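All the letters of the sequence shown, read from the start, carry residue numbers 1 to 301 under this note's numbering.
No residue lacks a Cβ here, since even glycine has one placed at the ideal position from N, Cα and C.
It should be emphasised that the depicted structure is a prediction, and the values quoted were computed from it without experimental measurement.
Remarks on the structure that follows.
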Amino acid sequence: MAQMGEEFNGKVEKIGEDYFRMIFHVPSAFYGHIIGQGGATLRLMEEDTRTIIRLPKPGTDDMITVKGRRVEYLEAARNKIYDIVDTYRTRGMTHFFSINCATEAVKEAYGKFKEAVQEAYSPEGLPEIYFQKPEKLHITLSGMLLNNDQDRQMAVDLLHGEEEAIRKIMEKFPGKAHIKIQGLMTMNDNPEKAKVLYARIHSEALEEIAEHLDRLNRKSGLYTGSIRKTTVQLHMTLMNVAYDKDDNGRFKKGNTINAKKILEDFGDYSFGEVPLTEIHLSQRKSYDDDGYYTAFTKLFV
Numbered sequence: 001m002a003q004m005g006e007e008f009n010g011k012v013e014k015i016g017e018d019y020f021r022m023i024f025h026v027p028s029a030f031y032g033h034i035i036g037q038g039g040a041t042l043r044l045m046e047e048d049t050r051t052i053i054r055l056p057k058p059g060t061d062d063m064i065t066v067k068g069r070r071v072e073y074l075e076a077a078r079n080k081i082y083d084i085v086d087t088y089r090t091r092g093m094t095h096f097f098s099i100n101c102a103t104e105a106v107k108e109a110y111g112k113f114k115e116a117v118q119e120a121y122s123p124e125g126l127p128e129i130y131f132q133k134p135e136k137l138h139i140t141l142s143g144m145l146l147n148n149d150q151d152r153q154m155a156v157d158l159l160h161g162e163e164e165a166i167r168k169i170m171e172k173f174p175g176k177a178h179i180k181i182q183g184l185m186t187m188n189d190n191p192e193k194a195k196v197l198y199a200r201i202h203s204e205a206l207e208e209i210a211e212h213l214d215r216l217n218r219k220s221g222l223y224t225g226s227i228r229k230t231t232v233q234l235h236m237t238l239m240n241v242a243y244d245k246d247d248n249g250r251f252k253k254g255n256t257i258n259a260k261k262i263l264e265d266f267g268d269y270s271f272g273e274v275p276l277t278e279i280h281l282s283q284r285k286s287y288d289d290d291g292y293y294t295a296f297t298k299l300f301v
């Protein structure tokens, strides 16, 4: 699990007798919402949290600064700002940086895993719709909302602009340009009521690359998701109850997977390895001739 660090959580410093300062990053695209009409939103936040909030000039890459007499005041101001960002951030992801895992070897291993799971849950088995399509097996590095040609070009420039930085990361791990896919996990505490089942990803190089791209994506304003999320959890989705939709295309509520037996019987299952040779800017709900997500662009590393 790769940590994003203080850049988004907020770095606190004591700058005087009973006086503190916190700095943290928010994309400048949200400054207008934080300030509000005539500065009303910002003034109200300062009054409610008993802090002084200073925003950088729009278009810069500087940090927001909050000052106050107690650390909890600073945290309250930061949380109010994050609430505003999350409110105005459109949640629909249109594109994402990905690693294509749909090699023949991985698809074959996944097919055998699926057969074994269905046999273990016989005679009823698990709903077929819950299983990922083998041609779509992938690792998501960071998601984004790209509304127009300008946004899409920004994402292309972001990925290709980091080619040198990514190569330098890979040089730190010589002879380790492969991604190992082994082990299972769910992202909730109760495996008997899981919604998603994942395969674990093992690659120090990819962890660092994902952290690097996710941080830049957050700064760009293209990132979709909660700004409070400060970790990248690399995984390959195997099963997801959200694949089961009603006639109107909406998720069916209440669906879960009792994954306890799967974890017990197949917890260390190996799906093989894939080479770390290219990163895709993938488009959701659009597929190439092989059935994988359409690549808007690719960075070969």
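Report the three-state DSSP secondary structure of residue i (helix, strand or coil).
i: alanine 41; result: The sequence shown places threonine at residue 41, rather than the alanine named in the question. Three-state result, threonine 41: helix.
i: lysine 11; result: strand
i: phenylalanine 30; result: helix
i: lysine 252; result: coil
i: proline 275; result: strand
i: glycine 143; result: strand
i: leucine 213; result: helix
i: serine 220; result: helix
i: tyrosine 292; result: coil
i: asparagine 258; result: coil
i: tyrosine 269; result: coil
i: asparagine 353; result: Given a span of 1 to 301 for the chain in the structure shown, any question on residue 353 remains unanswerable.
i: valine 71; result: helix
i: alanine 194; result: strand
i: leucine 299; result: strand
i: tyrosine 19; result: strand
i: alanine 309; result: Here the chain comprises residues numbered 1 to 301, so residue 309 is not present and cannot be evaluated.
i: lysine 80; result: helix
i: leucine 263; result: helix
i: methionine 63; result: coil
i: threonine 231; result: strand
i: threonine 49; result: helix
i: leucine 206; result: helix
i: methionine 170; result: helix
Are there 16 or more other CB atoms within 10 angstroms of the CB of residue i, so buried, or fewer, so exposed?
i: threonine 94; result: buried
i: proline 191; result: buried
i: aspartate 157; result: exposed
i: leucine 213; result: buried
i: glutamate 207; result: buried
i: serine 98; result: buried
i: arginine 250; result: exposed
i: tyrosine 110; result: buried
i: arginine 218; result: buried
i: lysine 245; result: exposed
i: asparagine 188; result: exposed
i: tyrosine 88; result: exposed
i: asparagine 240; result: buried
i: lysine 57; result: exposed
i: valine 196; result: buried
i: arginine 43; result: exposed
i: isoleucine 179; result: buried
i: isoleucine 52; result: exposed
i: glutamine 153; result: exposed
Whose C-beta lies closer than 6 Å to the C-beta of residue i among residues of the same chain, with five residues either side of it excluded?
i: leucine 159; result: Leu281 and Leu299
i: glutamine 14; result: The sequence shown places lysine at residue 14, rather than the glutamine named in the question. Only Phe20 meet the Cβ criterion.
i: leucine 263; result: Leu184 and Pro191
i: glutamine 118; result: Gly125
i: alanine 40; result: none
i: threonine 297; result: Val156 and Leu281
i: isoleucine 209; result: Ile166 and Ile169
i: glycine 10; result: Met22, Phe24 and Arg78
Less than 7 Å between C-beta atoms, sequence neighbours within five positions excluded: which residues of the same chain meet that for residue i?
i: alanine 243; result: Residue identity check: residue 243 is tyrosine in the sequence provided, not alanine. Counting only Cβ-Cβ distances below 7 Å, and skipping sequence neighbours, we find Ile129 and Tyr130.
i: asparagine 100; result: His138, His280 and Tyr292
i: glutamate 115; result: none
i: glutamate 234; result: Looking at the sequence itself, residue 234 is leucine, so the reference to glutamate does not match. Closer than 7 Å at Cβ, skipping near neighbours: Ile139, Ile201, Leu206, Glu207 and Ala210.
i: lysine 260; result: Pro191 and Glu192
i: glycine 5; result: A caution first: glycine 5 carries a pLDDT of 44, below 50, which makes its placement in the model unreliable, though a value can still be read off. If we look at glycine 5 and ignore the five residues flanking it on each side, it has no Cβ neighbours.
i: glutamate 71; result: A small fix is needed here, since residue 71 is valine in this sequence, not glutamate. Around valine 71: Val12 and Phe20.
Looking only at its chain, what residues have a beta carbon closer than 8 Å to the beta carbon of residue i, apart from the 5 residues adjacent to it on each side?
i: isoleucine 84; result: Phe30, His33, Ile34 and Thr41
i: glutamate 171; result: none
i: tyrosine 198; result: Leu184, Met185, Thr186, Met187, His235, Met236, Thr237 and Leu238
Please decide whether residue i counts as near chain C, where near means a Cβ-Cβ distance under 8 Å.
i: phenylalanine 251; result: Considering every chain present, this structure includes no chain C. It has just one protein chain.
Cβ of residue i within 7 Å of any heavy atom in the ligand MG?
i: phenylalanine 113; result: The model on display carries no ligand, and the ligand MG is accordingly not part of it.
- [ ] Please confirm if the region 153-171 is in contact with the region 101-110, defined as three or more CB-CB distances below 8 Å between the two stretches.
- [x] no
Task: Given 8 Å, three or more beta-carbon pairs between the region 253-269 and the region 172-186 - done: yes
Open item on the list: I want to know whether the region 270-289 touches the region 118-128 - three or more CB-CB distances under 8 Å.
Closed with: no
- [ ] State whether the region 60-77 contacts the region 251-258, with contact taken as three or more CB pairs (one from each stretch) at a distance under 8 Å.
- [x] no
Open item on the list: Could you check whether the region 62-81 touches the region 17-34, counting it as contact only if at least three pairs of C-beta atoms, one from each stretch, sit closer than 8 Å?
Closed with: yes
Open item on the list: In chain order, what are the residue ranges of uninterrupted beta strand (DSSP E) at least 3 long that sit wholly in the region 94-167?
Closed with: 95-100 and 138-144
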